[in-house]
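Encoded as structure tokens, the structure appears first; notes follow it.
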Amino acid sequence: EAGVAQSPRYKIIEKRQSVAFWCNPISGHATLYWYQQILGQGPKLLIQFQNNGVVDDSQLPKDRFSAERLKGVDSTLKIQPAKLEDSAVYLCASSLWRATEAFFGQGTRLTVV
Amino acid sequence: QQQVKQSPQSLIVQKGGISIINCAYENTAFDYFPWYQQFPGKGPALLIAIRPDVSEKKEGRFTISFNKSAKQFSLHIMDSQPGDSATYFCATTGGGADGLTFGKGTHLIIQP
Chain D
1 EAGVAQSPRY
11 KIIEKRQSVA
21 FWCNPISGHA
31 TLYWYQQILG
41 QGPKLLIQFQ
51 NNGVVDDSQL
61 PKDRFSAERL
71 KGVDSTLKIQ
81 PAKLEDSAVY
91 LCASSLWRAT
101 EAFFGQGTRL
111 TVV
Chain C
114 QQQVKQSPQS
124 LIVQKGGISI
134 INCAYENTAF
144 DYFPWYQQFP
154 GKGPALLIAI
164 RPDVSEKKEG
174 RFTISFNKSA
184 KQFSLHIMDS
194 QPGDSATYFC
204 ATTGGGADGL
214 TFGKGTHLII
224 QP
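As given, the protein sequences belong to chains D and C, one line each in that order. Residue numbers for the first sequence, in the numbering used here: 1 to 113. Residue numbers for the second sequence, in the numbering used here: 114 to 225.
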């Protein structure tokens, strides 16, 4: 079974630029999460989708971050404009349904300079 | 507000020894307590998980001990091996929320 796919693996941008990350969840998984993992810390939930609807975006900095999951499959997370403190690994995870085991992708490491 | 407190931050154990990592949570509505293992450059992977209706769960060399009254749970790795060297995260969820709240992680090194 293929795992959660993310791209790109690495991205370096200058502050105030925009960036987008892509996630393809495990086939058939209805729930998709985006997490932010700052170096030396545990992942922090940014947003949760159930199919193509948002379930929880309470910790998403909506002034600069946006995410969508069109057609309830792939998802993109965008940052515009980026700040230095956005440097982190952005992890996508999916689960079969709500409150079931979450499987993580390898993440996208973002460096903002 | 840190809802999950994990300790120690780092741990060095000799091969064959027991590794113990502890977590404490605050929200009594939490009802799912997983442990994740993360290797450098990889995403976290579920290791073992417990629900509050049991006090202990064992899977191979990995055991979760759960103390509901103290709001604490711990991971025990028996016969620790160099391949267990990784960062371990406790997490919780529940109370209507599905997203995981993670601890800050424990960097475990198993010395040969």
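Even glycine gets a Cβ: it sits at the ideal position worked out from N, Cα and C.
Check: Leaving out five residues on either side along the sequence, give the residues of the same chain with a beta carbon under 7 Å from the beta carbon of Gln50 (chain D).; Outcome: Ala30, Thr31, Arg98
Check: Mind checking Ser193 (chain C): buried by the 16 CB within 10 Å criterion, or exposed?; Outcome: buried
Check: For Asp144 (chain C), report the span of its beta strand (DSSP E) as first-last.; Outcome: 143 to 151
Check: Among C:Gly208, C:Lys217, C:Ile223, C:Cys203, which one has its Cα closest to the Cα of Leu159 (chain C)?; Outcome: C:Cys203
Check: Is Gln48 (chain D) close to chain C, meaning its C-beta is less than 7 Å from at least one C-beta of that chain?; Outcome: yes
Check: Taking 7 Å as the threshold (beta carbon to beta carbon), is Glu101 (chain D) in contact with chain C?; Outcome: yes
Check: Quick one: is Asp197 (chain C) buried, meaning 16 or more other Cβ sit within 10 Å of its Cβ, or exposed?; Outcome: buried
Check: Measure from the C-beta of Gln36 (chain D) to each C-beta in chain C and report whether the shortest distance is under 7 Å.; Outcome: no
Check: Looking only at its chain, what residues have a beta carbon closer than 6 Å to the beta carbon of Leu84 (chain D), apart from the 5 residues adjacent to it on each side?; Outcome: Lys15, Val112
Check: In terms of alpha-carbon separation, which member of D:Glu68, D:Ser87, D:Asp86, D:Gln48 lies closest to Trp22 (chain D)?; Outcome: D:Glu68
Check: If you drop the 5 nearest sequence neighbours on each side, which residues of the same chain put their C-beta closer than 7 Å to that of Pro223 (chain C)?; Outcome: Sequence check: residue 223 (chain C) is Ile here, not Pro. The answer, listed in chain order, is Val126, Lys128, Ser193, Gln194, Pro195, Asp197, Ser198.
Check: For the segment 67 to 93 of chain D, list every residue whose C-beta sits within 8 Å of some C-beta in chain C, in sequence order.; Outcome: Leu91, Ala93
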